[in-house]
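Before any comments, here is the structure.
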Amino acid sequence: MVRRFGATVALDGVDLPVPSGEVVAIVGPSGCGKSTLLELLAGLQEPDAGTVSASPAAFMPQRDLLLPWRDALANAGLALECAGASRAEARRAAEPLFERFGLARFERARPAELSGGMRQRVAFLRTLLAGRPLLLLDEPFASLDAITRAEMQEWLADALVEEPRTVVLVTHDVEEALFLADRVVVLSPRPGRVVAEILVELSRPRPRRETVTSPEFAALRARALEALGL
Ligand SMILES: Nc1ncnc2c1ncn2[C@@H]1O[C@H](COP(=O)(O)OP(=O)(O)OP(=O)(O)O)[C@@H](O)[C@H]1O
Ligand SMILES: [Mg+2]
-16 MVRRFGATVA LDGVDLPVPS GEVVAIVGPS GCGKSTLLEL LAGLQEPDAG TVSASPAAFM
44 PQRDLLLPWR DALANAGLAL ECAGASRAEA RRAAEPLFER FGLARFERAR PAELSGGMRQ
104 RVAFLRTLLA GRPLLLLDEP FASLDAITRA EMQEWLADAL VEEPRTVVLV THDVEEALFL
164 ADRVVVLSPR PGRVVAEILV ELSRPRPRRE TVTSPEFAAL RARALEALGL
């Protein structure tokens, strides 16, 4: 599959089968076409050559696009409303999940009153509530500090154990990719091509500290960094 923007070749021959139930992480340098790849999978762009076939997907874009005038509950239920539910039905569907997502008592808060991590959880909850079999997550934890980021990674890993989905996750962070994914796909600098695929055969659930300090994890990290030329 190829995607060009004028003379710029963003993706050149990327072929990415994602088996149902698998968590795939895409890593690669800035500008190598990661967001483009997710938008192609989401059906928001068309390839210039080749085909894309994906299950109906819920897309969490690189910037959290919460609506500032809606409270957290109404933001979380937005995808359901777009699918035809009434606002009251959408709120009722979102409400029971707030506790589990660490958002209890913030149902009526507007995005400006939430922390960065909370906003990302609301955006993620909205993506999850869309009820699609495939989740496309573009740098879901990019703007967070290291501690919140580690918490969010653990929380996402647990959520996926409880509620398994097929996931394509874009990240700059090799450790995040290895911690969360079953398979890490490394892209080259633009034009993006697949330079390595790393199978992450670590059992789940993955307790964070034990996982990231294990020799197996260190070996996988070395392979990923080598593929990235770092
Ligand atoms: N709509 C567009 N029009 C023109 N060029 C575009 C468009 N979208 C992306 N590009 C170009 O395609 C290339 C890939 O962009 P993309 O946003 O997919 O990269 P990325 O890997 O997501 O980068 P980052 O890690 O910085 O988010 C870049 O060179 C970018 O300038
Ligand atoms: Mg991007």
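Counting from -16, one number per residue, gives the positions in the sequence shown under my numbering. The beta carbon of each residue, even a glycine, is placed where N, CA and C say it ideally should be. Just so you know, these numbers come straight off a predicted model, no measurement behind them.
The residue among R(-14), L(-6), G4, E145 with its C-alpha nearest the C-alpha of A164 is G4. For the 9 Å CB-CB criterion, L203 and V150 do not form a contact. Residue pairing of A179 in beta bridges, as defined by DSSP: V169. Rounded to the nearest whole angstrom, the C-alpha separation of A71 and V168 is 41 Å.
Counting only residues whose CB is nearer than 5 Å to a non-hydrogen atom of ligand 1, the list in chain order is F(-12), A(-7), S13, G14, C15, G16, K17, S18, T19.
In this structure, A62 places its C-beta atom within 9 Å of the C-beta atom of T110. Secondary structure of L24 (DSSP, three-state): helix.
Note on geometry: alpha-carbon atoms of R176 and V153 lie some 15 Å from one another. Assigned with DSSP and collapsed to three states, D141 falls in helix.
Spanning the alpha carbons of T19 and R189 requires a straight line of approximately 30 Å.
Out of A210, S186, R191, E184, the CA that lies nearest to the CA of S171 is found in A210.
Taken in chain order, the unbroken stretches of alpha helix (DSSP H) that lie wholly in the stretch 104 to 152 and span 4 residues or more are 129 to 145. Judged by the Cβ position, Q45 qualifies as a neighbour of ligand 2 at the 8 Å threshold, a heavy atom of the ligand being closer than this.
C-alpha of A59 to C-alpha of P79: approximately 11 Å in a straight line. Contact annotation: G(-4) and V7 have beta-carbon atoms that are not nearer than 9 Å. Look at T154 here: in three-state DSSP terms it is coil, with no helix or strand label. Not a single heavy atom of ligand 2 lies less than 8 Å from the C-beta of E29.
A check of alpha carbon separations from S38 across V10, E122, G114 identifies G114 as the nearest. When DSSP states are grouped into helix, strand and coil, L(-6) belongs to the strand group.
Here L27 is not near L(-1), since their CB atoms are 9 Å or more apart.
Here I9 is buried. Its C-beta has 16 or more other C-beta atoms within 10 Å. Not one heavy atom of ligand 2 falls within 8 Å of the beta-carbon of V169.
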